[in-house]
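Below: one structure, written as structure tokens.
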Amino acid sequence: DGTVSAGNLELRPQTAWVFEAVLERRFGKDSAATLSYRHERIDNVLDRIAIDGLDAPGNIGPGRINAIGLQLGLPLGGLGLEGGRIAFSGEWRASRVRGICQPDRRRRAPRRSLDAGPRISGPRHLWAHGSSPLWPTHS
């Protein structure tokens, strides 16, 4: 009937060591800025691998991810919106995998990306508006 039923007996779970450092600075009673750095060392990265002209889940080798994050929250009382707040959150990530099949370094897509977006909430949180665009870059 054209159905292929197969498994990967050599599949191993992906594991990682994650190191993170966070610096937080408070301004007044309702404002704060947070800067973070995260480094992940990954063993047995899971991805799709070619098997007899098909693809299946498989381990492709070790990898790493570096990420820098920024969060900022400010009250809008100075603009006449008592109880209002604006918040920004963003993270830039870069990843790299050294493949078992290809000895050269290959990058998982997107290899670099920026995920950032503002959020504005009104007095007593009766309304809110936000966005979270994703800007992949491949350079």
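348 is the number of the first residue of the sequence shown in the working numbering; add one for each residue after it. All C-beta atoms in this analysis are idealised placements derived from N, C-alpha and C, irrespective of residue type, glycine included. On a predicted model such as this, the values are computed, not experimentally measured, just so you know.
Checklist entry - Roughly how far, in whole angstroms, is the beta-carbon of S468 from the beta-carbon of G431, given that I think they are within contact range, below 8 angstroms? => result 6 angstroms
Checklist entry - Opposite Q418 in the DSSP bridges: which residues? => result T381 and S436
Checklist entry - In three-state DSSP terms, what is L393? => result strand
Item to check | Proximity below 9 angstroms, CB of R411 to CB of R395 | outcome: no
Checklist entry - What's the C-alpha gap between R359 and T381? => result 36 angstroms
Item to check | Exposure label - R455; buried when at least 16 CB within 10 Å | outcome: Caution is warranted here: a pLDDT of 48 is assigned to R455, below 50, making its placement in the model unreliable, and the coordinate value is therefore given only provisionally. So R455 ends up on the exposed side.
Item to check | Residues near W364 in its chain [Cβ-Cβ closer than 8 angstroms; skip 5 each side] | outcome: E387 and R388
Next on the checklist: Taking DSSP's pairing of strands, which residues face N413 in a bridge?
Outcome noted: H386 and A441
Item to check | Same chain, Cβ closer than 8 angstroms to P450, five either side skipped, listed in chain order | outcome: Below a pLDDT of 50, predicted positions are generally treated as unreliable, and P450, at 47, falls in that range; no measurement from the model is reported.
Checklist entry - Do you know how far the Cα of V369 is from the Cα of S383? => result 4 angstroms
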